[in-house]
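The sequence shown begins at 81 in the working numbering and counts up one residue at a time.
For every residue, glycine included, the Cβ atom is placed at its ideal position computed from N, Cα and C.
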Amino acid sequence: PLMAATVLPSTMDAARRAAAAGAPVGTAVAAEEQTAGRGRRGRRFVSPRGGLYMTVLAPAPEPLALSPRAGLFAGLAVAEALEALGARVEIRWPNDLYQPQGKVGGILAELWTPAGGRAARLLVGIGIDVACDPRRTDPEAAGPGAALRGLGAADPVAAVAAEILARLPLRLGDTGSLAVRSALESLHSRMTPRPGEEATVRLANGRRIAGRTVGLDDEGALLIATGGGTTRVLTGEVVACEPRPGKGSR
């Protein structure tokens, strides 16, 4: 079911309340505008009208430690949905969506673990600048900084929402080894930084490391080769990447 509103403080918070009230897996909470949207690390997510702001209740991964990988796969589903509608995007690890003009969206995946033995849920928050000019005033905000290009649908927000809702269960529901390998390969083809490229990563504790990208491991962690060996980054974010010569800038 889809729970739609004109304005919400945060679809993530509304979805969390819906989960606590017993909403089933597949429930989506969407808003035309958010007044208190948030991104990773608690940053404000700028959410003006004209974008898609939606949170979907998905099954929690088993084991729960695979939640970061599930978040990556959710981002892959969103990227595939946009590509099906004519808008090619790249995924900047772990889950920002980019086109050449800049960041056009992002994914926020959070675990909801209730008391009393009820099943956990993965809250998949999606924010995409489909058809608006955010005019960002906060350089630290996590919201999109550029409008998405390439969509041909008459009602692009509705079309993007429908395509995402159709594809998200496919990427999150099949956890067999072949499906996981296929998803990781698809991520590699859409992800920046690519293997061999230089990247700077900010870890969850705020520390930064810089080195050459090796790729992703089976749990979705980013592998960075530095002078001291290879660092495995499971939670963090890429803050800068330098493409290989001839590959263009990002």
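Those residues which DSSP pairs with residue i across a bridge
i    : result
R201 : P139, W192
G185 : L177, I208
T310 : A305
E170 : Y178
R124 : R118
CB-CB length for residue i against residue j, believed under 8 Å
i    : j    : result
E113 : V136 : About 18 Å; that fails the 8 Å criterion.
G130 : V210 : 6 Å
A161 : E243 : 4 Å
C-alpha distance - residue i paired with residue j, whole-angstrom precision
i    : j    : result
S90  : G307 : 42 Å
T293 : K183 : 21 Å
R118 : G256 : 32 Å
R216 : Y133 : At R216, the pLDDT of 46 sits below 50, so the modelled position is not reliable and the matter cannot be decided from this model.
P275 : E322 : 11 Å
A108 : Q179 : 26 Å
A154 : P249 : 9 Å
P194 : A263 : 29 Å
L203 : T310 : 31 Å
A305 : R287 : 16 Å
A140 : R201 : 5 Å
R96  : A279 : 34 Å
A320 : S266 : 22 Å
G230 : S127 : 20 Å
A99  : M83  : 12 Å
L165 : I208 : 14 Å
Residue i, DSSP secondary structure in three states
i    : result
E243 : helix
R251 : helix
D209 : coil
D93  : helix
L264 : helix
L152 : helix
R270 : helix
V318 : strand
### Three or more C-beta pairs below 8 Å linking the segment 165-174 and the segment 264-279
yes
### Query
Given 8 Å as the limit, is there contact between the segment 186-193 and the segment 308-321, that is, 3 or more CB pairs closer than that?
no
### Query
Is there contact between the segment 139-150 and the segment 298-306, where contact requires at least three CB pairs shorter than 8 Å?
Contact between the segment 139-150 and the segment 298-306 is present, with at least three C-beta pairs closer than 8 Å.
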